[in-house]
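A.B. asks:
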Amino acid sequence: MLTRRDLLKYGITTATLSGFAPRWARGDDGGGATSPFVTKPFIQALPTPLVKSPFSSGPGCVDRLPTTGVKAGPAEHQFIDREGCAPVLAYTIDVHEAFHTFHPAIPPTKIFGYDGTFPGPTFHARYGEPITVRLFNNLDKNHVGFGVPSITTHLHNGHTASESDGYPGNFHDSGTYWDNHYPNVLNGFTQDPPATDSGECMNTLWYHDHRLDFTAQNVYAGLAGFYLLFDDKDCGDETNGNGFQLPSGEFDVPMVFGDKLFDADGQAVFDFFNLDGILGDKFSVNGAIQPYMEVKPRKYRFRFLDAGPSRFYALAMSDGSPMVRISSDGNLLSAPIVQSIVTVAVAERHDVIIDFSKYLVGDKVYLMNRAEQTDGRGPTGNLLSPGDPLVEFRVTSFDRTDVSQIPSTLRIPPPIRRDLAVTTRNWEFNRGNGQWTVNGKIFREDEIRASVKCNTREIWNIKNGGGGWSHPIHIHYEEFRTLSRNGQPPQGFEADRKDVSVLGPGDETQVLFNFRDFHGKYVMHCHNVVHEDHAMMIRFDIVP
Amino acid sequence: MITRRALMATLAAAPFAGARAAAAAPPSTGGRRRFPNPTLLTQDNERVAFYDDLMKGKIVLVNFFYVECTGICPAATANLIKVQELLGERVGRDIFMYSITLKPLEDRPAQLKMYQEMHNIKPGWTLLTGSADDCELLRRRLGFADIDPVVDRDTANHIGVVLIGNERLDSWMACPVQSDPKQIVTSVSWMDR
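Quick look at the structure:
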């Protein structure tokens, strides 16, 4: 276990609050346009998305779901009747428009929301408990403004059948519903005998819209939420000595970051005519602009998610205190890593432990974004000092013992079997005539760019074609292992499992996949969702 | 060659017929804020106001080009001709296509007219020029400028996307102008709500 003494060794001594004065919400961070509101920071508490409750449970739970409207799909689900895959819980999500308050100084903003909320409700799922989620599209078909009333819902990270993966072309319109089946199973479950390894558990997932050509608009409109997946070790109970004892309950806090721009009416502005990537000048966390959070002097687990559309974050504590990173893209690391700056690209999820026990009651410390970014190309690489405050932590009193732990060993992934790779593919992410391409081609829904044989391993070389652009590349369905970055072995968290390979200008990574279980169509794309919507995506199919 | 009949249809249909139709359409939102309204010239040397006459209340496709382009334009124009064929009679009725020149000093109405006839571009698809400042304003506001000034100056490799939008719904998207014409038509249908 990492003890308090170990942390001290890493340089965390007594609270050294440096008299840091947060900048009040700036009008413009260089991204261009400015929201015409002064938003005083730290006057609203950090919102916590509601935990979603199932509609029905037990055998036949899906049959008891409401059937309002027309069923758009899917026609069938792979393996849904297999032992261990049949849904034991069934949920409904009502996707509709609503008004959301980002800040008291800004009039209510029209959003698209899962259950009408932003962020959407948080799912608490468990390995071994398959679920079905019925998504009702109740968006206004006469909707005016950015976002289209047509959706397809992707569970980012999920080991999910194609028909439940939110494939961009599987969109369904207002007045229809679609069932996504999430079996919550380990990769390799269909092999005989099952070749599963608990080292492949995934824990912090998110769900978001993936509508072909409109992902950026629909996610910016509000279609994003957390899906937390628990297992025997990451069990959501810090008092359970058989588990990792990571901070749980109120001390396990998801945080989704999203930058927004508002017009004079308080409506979110989406610049349709900027195909580079868009930035906002207001920083929201869980849907509130620069909130505060009261924390007890103990350990917390924060699950950081960058929901985009185009901003990269470099998260740091205002007093320079290190954070203990325990995951990468929602996958627990082999061992925790101490970092004073945690970078988060669009769609990446990184869990960290922050220990507030060194602070005194009444202390304030800030979560900062220190990444400088002035346009859609990506971060400049400069670290701002101090940067932009995102959350004010206010330390309060705590009269109980903190029983949570930071294990020195977390999730050991299966060994890398590069020798078993049967195919190598090369993908270059590029730009030509202002269009975003992969290997010089634009996305076509009906063009299969790779057919991957199920239950085989492949090596993919993923290259940034240059021009000063950053591209966070997300490959659906399987986690990968990074074999190299720019010819060198991966360092730190990148040596563990990931599903987003971040390509800075000129970067090239080599990653290894082990494609298993389900068949069907999936995508790889740039998760600067503005690039994605402008065709920087490929379809690959997993075939028998 | 354009036939006399087609020419007459051009003159009769576009763009003023559309402007009248727009007057009956529900009020649009944000359009005046979103779009400048400079006066442009068509291939027929007609003066048109960009927002009021060409955009307001309409479903539109907009791209940039220039007559002597030997880069992306020939293929783009050929592709958009297929799009126009697939959209059929709706082009000029409630769907309008616009190509704005990147070289307004060289591409005057006479050059645009020649380009229209050479490619047998049918009515409902209007070629546009204007003052250098106005064309540049539109190029920048509509997202046809590259963020890298060196790339941006390379006119031979200009941005090859087509904007597709429904002004009444304030709904917009862009897709590569070389996309499968059927895909572009599908995209138009998403705007046609």
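Residue numbers (my numbering), protein chains in the order written: chain A, 4 to 547; chain B, 2 to 194. Virtual Cβ for every residue (Gly too), placed ideally from N, Cα, C. None of the values given here were measured: they were computed from a predicted structure.
(1) Should the region 515 to 527 of chain A be regarded as contacting the region 412 to 432 of chain A, the criterion being three or more beta carbon pairs within less than 8 Å?
(2) Express the C-alpha separation of THR163 of chain A and ASP181 of chain B in angstroms, rounding to a whole number.
(3) Quick check on THR2 of chain A: buried or exposed, where buried means 16 or more other Cβ atoms within 10 Å of its Cβ?
(4) PHE265 of chain A versus chain B: which residues are under 7 Å apart at the beta carbon?
(5) Looking at the strands, I want to know which residues DSSP matches up with HIS99 of chain A.
(6) For ALA26 of chain B and ARG169 of chain B, I'd like the C-alpha separation in whole angstroms.
(7) If we ignore side chains and look at the alpha-carbon of each, how far apart do GLY30 of chain A and ASP284 of chain A end up?
(8) Do three or more CB pairs link the region 101 to 114 of chain B to the region 129 to 145 of chain B at distances below 8 Å?
(9) So THR156 of chain B is in the alpha helix (DSSP H); what residue range does that whole segment cover?
(10) Just curious, the alpha helix (DSSP H) that SER38 of chain A is in, first and last residue?
(11) ILE60 of chain B and ASN167 of chain B look like a contact to me (Cβ under 8 Å); what is the Cβ gap, rounded to whole Å?
(12) Please work out which residues of its chain come closer than 6 Å, Cβ to Cβ, to TRP181 of chain A, disregarding the five sequence neighbours upstream and downstream, and give them in chain order.
(13) Using 8 Å as the threshold, is the C-beta distance between VAL406 of chain A and LEU363 of chain A below it?
(14) Taking 8 Å as the cut-off, decide whether the C-beta atoms of VAL609 of chain A and THR135 of chain A are in contact.
(15) Could you check if ALA24 of chain B is buried or exposed, using at least 16 other CB atoms within 10 Å of its CB as the buried criterion?
(16) Give me the residue from A:GLY191, A:LEU282 and A:ILE445 with the minimum Cα distance to ILE541 of chain A.
(17) Could you work out which residues of chain B lie near ALA378 of chain A, taking near to mean beta carbons separated by less than 8 Å?
(18) So with Cβ pairs under 8 Å, would you call LEU506 of chain A a contact of chain B?
(19) Step through the CB atoms of chain B and report whether any lies within less than 8 Å of the CB of ARG542 of chain A.
(20) How many Å lie between ALA28 of chain A and PRO382 of chain A at the Cα?
(21) Cutting at 6 Å between CB atoms, please list the residues of its own chain near HIS534 of chain A, excluding the five before and the five after it.
(22) Under 7 Å from any heavy atom of the ligand MN, does the C-beta of TRP209 of chain A make it?
(23) From the DSSP output, in three-state form, read off ASN221 of chain A for me.
(24) Measuring only the C-alpha atoms, how far is GLU481 of chain A from PRO508 of chain A?
(25) Expressed to the nearest angstrom, what Euclidean distance is found between the alpha-carbon atoms of ARG352 of chain A and THR125 of chain A?
(26) Go through its chain and collect everything with a Cβ distance to ILE548 of chain A's Cβ below 8 Å, but skip five positions before and after it.
(27) Pairs of beta-carbons, one from the region 150 to 161 of chain A and one from the region 45 to 60 of chain A, closer than 8 Å: are there three or more?
(28) What does the Cβ neighbour count give for SER400 of chain A, buried or exposed, with the cut at 16 atoms within 10 Å?
(29) For the region 439 to 454 of chain A, enumerate the residues whose C-beta is nearer than 7 Å to any C-beta of chain B, in chain order.
(30) Compare the C-beta of LEU81 of chain B against all C-beta atoms of chain A and say whether one is closer than 8 Å.
(31) Any Cβ of chain B within less than 8 Å of the Cβ of ARG26 of chain A?
(32) Output the boundary residues of the alpha helix (DSSP H) element that contains TYR116 of chain B.
(33) Kindly list, in the order they appear in chain A, the residues whose Cβ is closer than 7 Å to that of SER180 of chain B.
(34) Report yes if the CB atom of GLY471 of chain A is closer than 8 Å to the CB atom of ASP149 of chain B, and no otherwise.
(35) With DSSP collapsed to three states, give me the class of ASN80 of chain B.
(36) Quick one: Cα of ARG129 of chain A to Cα of ARG428 of chain A, how far?
C.D. replies: This is what the structure gives:
(1) yes
(2) 30 Å
(3) Residue numbering for chain A in the displayed model covers 4 to 547; residue 2 of chain A lies beyond these limits and cannot be assessed.
(4) What PHE265 of chain A touches in chain B: nothing, since even the nearest Cβ is about 13 Å away.
(5) A:GLY116
(6) Model confidence at ALA26 of chain B stands at a pLDDT of 37, short of 50, so the residue's coordinates are unreliable; what they give is reported in the following sentence. Roughly 8 Å between the two C-alpha positions.
(7) Residue confidence for GLY30 of chain A is low, a pLDDT of 32 falling below 50, so the modelled location carries little weight; the figure read from the coordinates is stated next. One C-alpha to the other measures close to 7 Å.
(8) yes
(9) From DSSP, THR156 of chain B is part of no alpha helix (DSSP H); its letter is neither H nor E.
(10) It is not in any alpha helix (DSSP H) - SER38 of chain A carries neither H nor E in the DSSP assignment.
(11) 5 Å
(12) ALA75, GLY76, LEU138 and HIS175
(13) Their beta carbons are not under 8 Å apart, which means VAL406 of chain A does not touch LEU363 of chain A by this criterion.
(14) No answer is possible for residue 609 of chain A: the residues shown for chain A start at 4 and end at 547.
(15) Because the pLDDT of ALA24 of chain B is 35, which lies under 50, any placement of that residue in the model is unreliable, and the number read from its coordinates should be weighed accordingly. Exposed is the call here.
(16) A:ILE445
(17) The sequence given here places Asp at residue 378 of chain A; Ala does not occur at that position. By Cβ distance, chain B contributes ILE148.
(18) LEU506 of chain A does not count as touching chain B.
(19) no
(20) Here the model assigns ALA28 of chain A a pLDDT of 32, short of 50, so the residue's position is not dependable, and the following value carries that caveat. Taking the straight line joining both Cα atoms gives about 20 Å.
(21) These residues qualify, in order along the chain: TRP439.
(22) This structure lacks the ligand MN, and indeed carries no ligand of any kind.
(23) DSSP places ASN221 of chain A within a helical segment (H, G or I) once states are collapsed to three.
(24) About 25 Å.
(25) 15 Å
(26) Past the edges of chain A, shown from 4 to 547, lies residue 548 of chain A, and the structure says nothing about it.
(27) Touching, no.
(28) exposed
(29) ILE445 and ARG447
(30) no
(31) Residue placement at ARG26 of chain A is poorly supported in this model, since its pLDDT is 36, which falls under 50; the coordinates still yield a value, given next. Not an interface residue.
(32) 110 to 119
(33) ILE445
(34) Cβ distance < 8 Å, so GLY471 of chain A and ASP149 of chain B count as in contact.
(35) Of the three classes helix, strand and coil, the one that applies to ASN80 of chain B here is helix, per DSSP.
(36) Rounded to whole angstroms, ARG129 of chain A to ARG428 of chain A spans 34 Å at the Cα level.
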